Every structure is written in structure tokens, then in C-alpha cells.
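Student: The opening position of the sequence shown corresponds to residue 4 in this note's numbering, with each subsequent residue numbered one higher. C-beta: ideal position from N, C-alpha, C; glycine also. These numbers were taken from a predicted model, which means no experiment stands behind them. Quick one: this structure, given as C-alpha cells, is what I'll be asking you about.
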Amino acid sequence: MHPALIQKQTLPNHERLYRNGAYSFVARTISTASTLPSHAAMLSGVDVYEHGLRWNNWRPTLGFIKTPTIFSLATEEGLSTSAVVGKFKLRHILPQGTVDSFLRPGYFCRKVSEEAAQQIRNGQPELMFVHFSDPDEHGHSSGWLSAAQWQAARECDRCLGIILSALDAAGTLDDTLVIVSADHGGHGSGHSGIRLSDIQIPWIAHGPNVRRGHVLHSKVSTMDTAATVLYALGLVPKARLRGKPVREIFAQ
Ligand SMILES: [Zn+2]
């Protein structure tokens with residue numbers, strides 16, 4: 004998700020979060036800007052040479068992430084955890100035993116968000132990862148910032164709305180820290196990591212004690228996502244993370 008896709012068109016559900024949250028549209032992913040390495044950095048707080056996921060497809064013979072993730076740490080502490088994803092290869096980051104439930108209900112965000120909403124209605128997990136494929140798919144097939152990709156971002160906004168409505172209905176939206184971000188941006192028909200538009204990502208936080216309508220001064224890295232989630236949950240990483248909690252999101 005290139006930040007322009009959120010900033011430069013009307014996306015009511017994203018806007019609801021950032022207008023009432025703390026955000027940056029100039030956050031950065033790691034230089035290995037593709038799905039598996041970048042999501043692994045987001046969920047572990049370390050870069051590719053530590054977490055070890057250098058490849059970008061489902062290759063079970065290569066094994067799983069080498070470092071703890073926010074999910075392995077939360078699961079060890081007895082928190083309920085769930086991942087609902089559009090791409091099965093993300094299993095490399097969230098192997099069995101590190102997350103209570105890992106589901107891939109469909110490729111596009113509609114089925115993913117409906118499953119996530121159902122889980123919230125059934126009893127909201129304490130830590131949840133929801134992954135949408137649509138902008139990446141349409142970026143590769145039609146080009147970054149093509150008409151099809153702007154449309155895919157609008158569809159993601161509707162899917163985000165399905166999840167926010169479930170949180171609203173459960174009465175937990177204001178008690179839930181919601182972070183919306185992306186694994187990478189792109190240019191042309193891909194994302195090699197060599198251009199700023201490949202590594203610049205949106206990063207939006209909304210929730211209890213989070214500042215409202217605050218543009219972050221801090222330089223935010225995707226690795227800070229893991230550190231911020233652990234900080235919010237009161238969990239301590241077992242090894243040093245490269246990411247740091249974005250404490251600036253919280254009101255004093
Ligand atoms: Zn891609």
C-alpha cells in the first residue's frame with residue numbers, strides 16, 4: 004500500500020482511524036521490500052539477516068522464522084492470538100504453536116475481513132493480524148498507482164470498515180489498539196526496494212490513550228510495529244529488537 008493510495012483519495016474508514024489517531028505517511032519498511040521479509044520484520048521487530056526469511060513464497064522445506072515474533076511471545080504468555088491472511092506463505096512467520104488460529108479464507112480482503120469480523124463477534128482475540136492482498140495484486144497486474152490499484156485501496160477501505168464495524172458492535176473499538184500499515188509500496192509493476200516509493204509505507208495507530216489527529220514526528224520503521232505492540236501489551240522481548248516502541252503515539 005503506497006501511502007498516496009490512502010492520503011490522496013477519500014477512504015472513510017482509514018480516515019476515521021488517522022483523524023482520531025496518530026500517524027505517519029512517511030514510515031519505512033526494510034530494504035528487502037517484499038511480502039515475506041517485510042512482514043517478518045513487522046511482526047518480529049528485527050531485519051532480514053536476523054529473522055532469516057529472505058525468500059518470498061511458500062517453501063516449507065526452508066523452515067520458519069528464526070526469531071520470536073509478537074505472536075510467539077503473546078502465545079507463550081497465554082494471550083489468545085489469531086491471524087487471518089490472504090497469502091498462505093505468511094505461515095513461515097506464524098508457524099504452528101506460535102498462534103492459536105491461522106486461517107486463509109480467500110485471497111482478497113472481502114473474505115479475509117468477514118472471517119476476522121466473525122472472530123471478533125465470537126470473542127475477540129487479544130492479538131490479531133489481518134492481512135489484505137488487494138493493492139499488491141493490482142499493483143503487479145496493472146501497475147503501482149494505476150486506476151485498478153486506487154480501486155483496490157477503496158475495496159480495502161470497505162474491508163477495514165467490516166472489521167471496525169465488528170469492533171464497534173462488540174463495544175471494543177475504543178479499547179483496542181488498531182495499527183494499519185503495509186509491508187511495502189512499489190513502482191512500475193513491482194517493488195525491488197531500490198526506490199523511496201518501494202519502501203515508504205503508511206503507519207496509523209488508533210486506540211486507548213493514543214493521541215488523536217497527531218502527525219508523528221518520529222521516524223517510524225516497520226520494525227517499530229512489533230516493539231510498539233509488545234510495549235502496549237506489557238510484554239518484554241527476549242532479545243534486543245531493532246525496532247523501538249513508537250511512544251509518541253501515546254498521550255501523556
Ligand atoms: Zn508484491
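#1: Is there at least one non-hydrogen atom of ligand 1 closer than 7 Å to the beta-carbon of Ser37?
#2: Have a look at Ser34 and Ile252 and give me their C-alpha separation to the nearest angstrom.
#3: Where Lys69 and Ala169 are concerned, what is the direct C-alpha to C-alpha distance, given to the nearest angstrom?
#4: Relative to the C-alpha of Trp206, which candidate in Lys11, Thr13, Arg31, Asn23 has its C-alpha closest?
#5: Residues in its own chain within less than 6 Å of His217 by CB, not counting five upstream and five downstream?
#6: Alpha carbons only, please: which of Leu233, Gln203, Arg19, Ser85 is nearest the one belonging to Ala119?
#7: Using only the alpha-carbon positions, how far apart do Ala43 and Leu82 sit?
#8: In this structure, how does DSSP classify Ile166 when only helix, strand and coil are distinguished?
#9: Pull up the DSSP beta-bridge partners for Ser259, would you.
#10: Would you say Asp103 and Leu14 are within 8 Å of each other, going by their C-beta atoms?
#11: I'd like to check one pair, Gly48 with Arg245: are the Cβ atoms closer than 8 Å?
#12: Note down the Cα distance separating Val115 from Val239, rounded to an integer number of angstroms.
#13: Could you check where the alpha helix (DSSP H) with Tyr52 kicks off and where it finishes?
Tutor: Looking at the coordinates:
#1: A distance criterion of 7 Å places the beta-carbon of Ser37 in contact range of ligand 1, judged by its closest non-hydrogen atom.
#2: In this structure, the straight-line span from the alpha carbon of Ser34 to that of Ile252 is close to 24 Å.
#3: Going by the C-alpha atoms only, they are around 34 Å apart.
#4: Considering only alpha carbons, the answer is Arg31.
#5: Same-chain partners within the cutoff: Ala25.
#6: Of the candidates Leu233, Gln203, Arg19, Ser85, the one whose C-alpha sits nearest the C-alpha of Ala119 is Ser85.
#7: Spanning the two alpha carbons is a distance of roughly 20 Å.
#8: In this structure, Ile166 counts as helix in the three-state DSSP scheme.
#9: Lying outside 4 to 255, the shown extent of the chain, residue 259 is not represented and no answer is given.
#10: Taking 8 Å as the Cβ cut-off, Asp103 and Leu14 do not qualify as a contacting pair.
#11: Against a cut-off of 8 Å, the Cβ pair of Gly48 and Arg245 comes out as a contact.
#12: Across the structure, Val115 and Val239 are spaced so that their CA atoms are roughly 30 Å apart.
#13: For Tyr52, the enclosing alpha helix (DSSP H) covers residues 51-54.
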